[in-house]
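Undergrad: Numbering (the numbering used here), first residue to last: 45 to 501. All C-beta atoms, glycine included, are put in the ideal place defined by N, C-alpha and C. Next up is a structure, given as structure tokens.
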Ligand code: NAD
């Protein structure tokens, strides 16, 4: 079944193929009027102090937590991830909101900087109207991390969620709109056609999360009007396993981070470089770990990995895998083929950088193993990519730190995933990002920085 029929967007359950619901598509010619509404509503919202804006948003956190079961179930039916992860995504957005708002108040409060002659103040003003364009793989948290910082900076927001997960995004926005003046947040629905029309409209900031190809297209289109952009893009994250690593911990991480969300995570482990003395043991343990994971409908008890989002995404993974096998890669383990949109969990050995599966984002449940002789080879090969989102290294701390400083990824985890402590930004280097999110400086990217100065009295 098509997702788009005439003026209607149909949301499909990736596990069953059944319709979850439908929504009207926003006609592209109506988007300028949506932007005009946002522009009219923005000054009133911007007049509130930071604390007042935060106070209006705080009850939304509690509302999200209360609605987490309902929202999480809808999320799983629409996107396919296990129910516990769907509900967890909703709960986390809600329960962390108070802390996030406090962090944003601190980031956006005017900051004095003086020298011996001049007293200056950095002020963080609203940009105006922010377009938020989001993907389907975290269909609640991606809209959330786009909309909340944009609102806190005093902007009005137009959200265009993925056409693959429109219902859960609309439910999220309906809940949030109850806490906002009319017109401050609006949602438009559709695919790339609506995305392009929004980028072309009279917006001041485009906060985009999605693929590298779409990000490049948006940057080009936004360039003519010198519109601000924040682009959070795809990845091809390496995991480096040193010969002195805690192998059990490295395998646990590799299995979880290669197969979580059926590999449909921007910071999935997509390339695994293992030093020669531990490769055989690592591979054996990884195959065992994969064989113990339960694949199935996210709504069923015990499911750890759901289906792929749709047939198109599955076909992309199948194509990369078939080409890699033709080029000499060996399948070391593959789980049962459940058909439909499910792709078997696969451990692939003997990969190399000439393969598409090692060069381009896979976004599927494939763990690709490669042997490296030493730390220097691991660094060179891990950096041999246009992507630069996350990376992980498992091994003794001193060696791993030395490698971490040589990697070109934006975020590097040592004996852990790549995410930093709370308050640190989420940042992609090279072609994985353009600007960044979260943390003090990430929040400030949703605002216009200005400097006001006078001579010392
Ligand atoms: P996508 O680029 O296909 O679509 C993302 C959004 O952009 C959707 O809402 C889509 O309708 C819209 N869109 C499509 N073409 C457009 C155009 N020409 N102009 C404007 N908007 C357009 O990505 P996707 O398949 O939805 O999401 C998966 C991708 O997102 C992966 O590459 C993944 O790595 C990336 N991602 C990155 C992060 C991060 O933090 N860096 C987080 C989540 C997902």
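1. For the beta strand (DSSP E) holding residue 393, just list the boundary residues, first then last.
2. Taking the DSSP output, what are the residues bridged to residue 65?
3. Within the present structure, is the beta-carbon of residue 278 separated from the nearest heavy atom of the ligand NAD by less than 7 Å?
4. Would the beta-carbon of residue 214 fall within 8 Å of that of residue 67?
5. Which residue spans inside the region 321-402 form an unbroken alpha helix (DSSP H) run of at least 4?
6. Classify residue 91 as buried or exposed, calling it buried when 16 or more other Cβ atoms lie within 10 Å of its own Cβ.
7. Specify, as a first and last residue, the run of the alpha helix (DSSP H) that residue 317 falls within.
8. Considering residue 228, what are the terminal residues of the beta strand (DSSP E) in which it resides?
9. If you measure from the CB of residue 48, is any heavy atom of the ligand NAD nearer than 7 Å?
10. Does at least one heavy atom of the ligand NAD sit under 7 Å from the Cβ of residue 174?
11. At a cut-off of 7 Å, is residue 243 close to the ligand NAD when judged by its beta-carbon and the heavy atoms of the ligand?
12. Apart from the five residues just before and just after residue 51, which ones in its own chain have a Cβ nearer than 8 Å to its Cβ?
13. Which residue comes first and which comes last in the alpha helix (DSSP H) that contains residue 438?
14. Pull up the CB-CB distance for residue 255 and residue 278, whole angstroms please, since I reckon it's below 8 Å.
15. Excluding sequence positions up to five away, which residues of its chain have a Cβ less than 7 Å from the Cβ of residue 307?
16. I believe residue 174 touches residue 248 by the beta-carbon criterion, under 8 Å. Please report the beta-carbon distance rounded to the nearest angstrom.
17. Whole angstroms is fine: what's the gap from residue 138's alpha carbon to residue 299's?
18. Would you please state the rounded distance, in angstroms, between the beta carbons of residue 82 and residue 202? I believe it to be under 8 Å.
19. Please name the residue or residues paired with residue 491 in a DSSP beta bridge.
20. The ligand SAM and residue 75: does the residue's C-beta get closer than 7 Å to at least one heavy atom of that ligand?
21. So, does the region 141-149 touch the region 111-127, judging by three or more C-beta pairs under 8 Å?
22. Is the CB-CB distance between residue 281 and residue 435 below 8 Å?
23. Excluding sequence positions up to five away, which residues of its chain have a Cβ less than 7 Å from the Cβ of residue 493?
24. From 388, 111, 242, pick the residue whose C-alpha is nearest to that of residue 380; which is it?
25. Report buried or exposed for residue 161, applying the criterion of at least 16 other Cβ atoms within 10 angstroms of its Cβ.
26. If you measure between the beta carbons of residue 490 and residue 199, is that distance less than 8 Å?
27. Would residue 211 pass as a contact of residue 55 if the rule is Cβ separation under 8 Å?
28. I'd like to know if the region 395-404 and the region 412-419 are in contact, where contact means that at least 3 CB-CB pairs between them fall below 8 Å.
29. Measure the beta-carbon distance from residue 286 to residue 313 and round it to whole angstroms, keeping in mind my assumption that it falls under 8 Å.
30. Are residue 197 and residue 170 closer than 8 Å when you measure CB to CB?
31. On the premise that residue 454 lies in contact with residue 473, defined as a C-beta separation below 8 Å, what is that separation, rounded to the nearest angstrom?
32. For the ligand NAD, any of its heavy atoms closer than 7 Å to the Cβ of residue 181?
33. If you reduce the DSSP assignment to three classes, tell me which class residue 445 lands in.
34. Please give the ranges of any alpha helix (DSSP H) in the region 156-211, keeping only runs that are unbroken, at least 4 residues long and fully inside the region.
35. Shorter than 7 Å, the distance from the beta carbon of residue 262 to the closest heavy atom of the ligand NAD, or not?
36. At a cut-off of 7 Å, would you count residue 165 as near the ligand NAD, judging by its Cβ distance to the nearest heavy atom?
TA: Based on what the coordinates show:
1. Start at 1 with the first residue of the chain shown, and residue 393 comes out as number 349. Per DSSP, residue 393 belongs to the beta strand (DSSP E) from 390-393.
2. What you label residue 65 is simply residue 21 of the chain shown in a count that begins at 1. Paired residues: 55.
3. For the purposes of this step, residue 278 is taken as the residue at position 234 of the chain shown. Flag set: Cβ of residue 278 near the ligand NAD.
4. Position 170 of the chain shown, counted from the first residue, corresponds to residue 214. Position 23 of the chain shown, counted from the first residue, corresponds to residue 67. Their beta carbons are under 8 Å apart, which means residue 214 touches residue 67 by this criterion.
5. 355-370
6. Counting from 1 along the chain shown, the entry for residue 91 is found at position 47. Label assigned to residue 91: exposed.
7. For this step, residue 317 is matched to residue 273 along the chain shown. Where residue 317 is concerned, there is no enclosing alpha helix (DSSP H), although the beta strand (DSSP E) it sits in stretches over 313-319.
8. Position 184 of the chain shown holds residue 228. Segment: none, residue 228 is in no beta strand (DSSP E) and carries neither H nor E.
9. Here residue 48 refers to the residue found at position 4 of the chain shown. No; taking the cut-off as 7 Å, the Cβ of residue 48 has no heavy atom of the ligand NAD nearer than that.
10. In the chain shown, counting from the first residue as 1, residue 174 sits at position 130. No, Cβ of residue 174 sits at least 7 Å from all heavy atoms of the ligand NAD.
11. The count along the chain shown starts at 1 and reaches residue 243 at position 199. Checking the Cβ of residue 243 against the ligand NAD gives yes.
12. Translated into the one-based positions of the chain shown, residue 51 becomes position 7. Cβ within range, chain order: 68, 69, 71.
13. For the purposes of this step, residue 438 is identified with residue 394 of the chain shown, where counting begins at 1. Where residue 438 is concerned, there is no enclosing alpha helix (DSSP H), although the beta strand (DSSP E) it sits in stretches over 434-438.
14. Counting from 1 along the chain shown, the entry for residue 255 is found at position 211. Counting from 1 along the chain shown, the entry for residue 278 is found at position 234. The Cβ separation is near 5 Å, so the contact holds.
15. Working through the chain shown from its first residue, we reach residue 307 at position 263. Once the five neighbours on either side are set aside, the close Cβ partners of residue 307 are 406, 407, 408, 409, 410.
16. The sequence position of residue 174 within the chain shown is 130, counting from 1. The sequence position of residue 248 within the chain shown is 204, counting from 1. Residue 174 to residue 248, Cβ: 7 Å. Contact.
17. Position 94 of the chain shown holds residue 138. Position 255 of the chain shown holds residue 299. In a straight line, the C-alpha of residue 138 is about 28 Å away from that of residue 299.
18. Reading the chain shown from its first residue, position 38 is the one you call residue 82. Reading the chain shown from its first residue, position 158 is the one you call residue 202. The pair is a contact, with the Cβ atoms about 6 Å apart (cut-off 8 Å).
19. Indexing the chain shown from 1 puts residue 491 at position 447. Per DSSP, 170.
20. Judged by which ligands are present, the ligand SAM is missing from the structure shown, whose ligands are the ligand NAD.
21. no
22. As a position in the chain shown, residue 281 is number 237, starting the count at 1. As a position in the chain shown, residue 435 is number 391, starting the count at 1. Yes, the pair counts as a contact, with Cβ atoms nearer than the cut-off.
23. Walking along the chain shown from the start, residue 493 turns up at place 449. Within the same chain, residue 493 has close Cβ partners 166, 168.
24. Residue 380 sits at position 336 when you count from the first residue of the chain shown. Checking every option, the nearest Cα to that of residue 380 belongs to 388.
25. By one-based count along the chain shown, residue 161 stands at place 117. By the neighbour-count rule (16 or more Cβ atoms within 10 Å), residue 161 is not buried but exposed.
26. The sequence position of residue 490 within the chain shown is 446, counting from 1. The sequence position of residue 199 within the chain shown is 155, counting from 1. Closer than 8 Å, so yes.
27. Counted from its first residue, the chain shown places residue 211 at position 167. Counted from its first residue, the chain shown places residue 55 at position 11. Cβ distance < 8 Å, so residue 211 and residue 55 count as in contact.
28. yes
29. One-based indexing of the chain shown puts residue 286 at position 242. One-based indexing of the chain shown puts residue 313 at position 269. At roughly 15 Å, the Cβ-Cβ gap does not stay under 8 Å, so residue 286 and residue 313 are not in contact.
30. On the chain shown, position 153 is the one that residue 197 refers to. On the chain shown, position 126 is the one that residue 170 refers to. Cβ distance < 8 Å, so residue 197 and residue 170 count as in contact.
31. Taking the first residue of the chain shown as 1, we reach residue 473 at position 429. Taking the first residue of the chain shown as 1, we reach residue 454 at position 410. Rounded, the Cβ-Cβ distance is 4 Å, consistent with contact.
32. Numbered from 1 along the chain shown, position 137 holds the residue referred to as residue 181. At least one heavy atom of the ligand NAD is nearer than 7 Å to the Cβ of residue 181, so yes.
33. Residue mapping note: residue 445 aligns to position 401 of the chain shown, counting from 1. It is helical.
34. 185-196
35. In the chain shown, the residue the question calls residue 262 occupies position 218. Yes - the ligand NAD has a heavy atom lying nearer than 7 Å to the Cβ of residue 262.
36. By one-based count along the chain shown, residue 165 stands at place 121. Every heavy atom of the ligand NAD is 7 Å or more from the Cβ of residue 165, so no.
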